[in-house]
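Chemist: Okay, here's the structure, questions in a sec.
Residue numbers (this note's numbering): 4 to 145.
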């Protein structure tokens, strides 16, 4: 079985930031995303992980796990990500609901067919932006 996505990645751009999401594969199946957030302003941008969600078929399905988060504490509140002026933030994120294991030993299960993505909360100068990016994933026989 092999995963494919359409489009290959999703993005949005405005005067404040560029935001993109690209599915990542392990063993030819999509199981996570590469998130890119480029700050296009002279002020610090904040990504609120506690108000950022994994979306499957237009429903919130929990948050994300990523490097620096122990599996045991995967559902605990996470510190917001600060992106300095004109900086680019890149992170590999994995849907928590698809993670299984214990302590620091965890495995990520693949995503099934359907729409998958992220609903992110971005803060800038007292303004709150909610962005949804998703792609349609299909599972194909090899």
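Note that beta-carbon positions come from the ideal geometry of N, C-alpha and C, so glycine has one too.
Can you check the segment 60-101 for any beta strand (DSSP E) of at least 3 residues that lies completely inside it and give the ranges in chain order?
Modeler: 84-86 and 91-98
Chemist: Less than 7 Å between the beta carbons of residue 109 and residue 57, yes or no?
Modeler: Not closer than 7 Å, so no.
Chemist: Spatial neighbours of residue 116 within its chain, please: C-beta separation below 7 Å, excluding the five flanking residues on both sides.
Modeler: 140, 141 and 142
Chemist: Residue 11: buried (16+ other C-beta within 10 angstroms of its C-beta) or exposed?
Modeler: Exposed, by the Cβ-count rule.
Chemist: Run through the segment 19-66 for me and flag every whole beta strand (DSSP E) of 3 or more residues, listed as ranges in chain order.
Modeler: You should have 20-29, 32-42, 48-50 and 56-59.
Chemist: Let's test the definition: count the other Cβ atoms within 10 Å of the Cβ of residue 35 and tell me whether it reaches 16, buried, or not, exposed.
Modeler: buried
Chemist: Taking the C-alpha atoms as reference points, what is the distance between residue 55 and residue 145?
Modeler: 34 Å
Chemist: Taking contact to mean 3 or more Cβ pairs, one atom from each stretch, closer than 8 Å, check whether the segment 60-77 and the segment 8-26 are in contact.
Modeler: no
Chemist: Tell me whether residue 4 is buried or exposed, calling it buried when 16 or more other Cβ atoms sit within 10 Å of its Cβ.
Modeler: exposed
Chemist: Is DSSP giving residue 17 helix, strand or coil here?
Modeler: coil
Chemist: Work out the CA separation of residue 37 and residue 27 for me, nearest whole Å.
Modeler: 7 Å
Chemist: Compute the Euclidean distance between the alpha carbons of residue 45 and residue 88, then round it to the nearest angstrom.
Modeler: 5 Å
Chemist: Looking only at DSSP bridge pairs, what is residue 120 linked to?
Modeler: 58 and 137
Chemist: Rounded to the nearest angstrom, how far is the Cβ of residue 13 from that of residue 120, given a contact under 8 Å?
Modeler: 7 Å
Chemist: Going straight from the alpha carbon of residue 125 to that of residue 111, what length do you get?
Modeler: 26 Å
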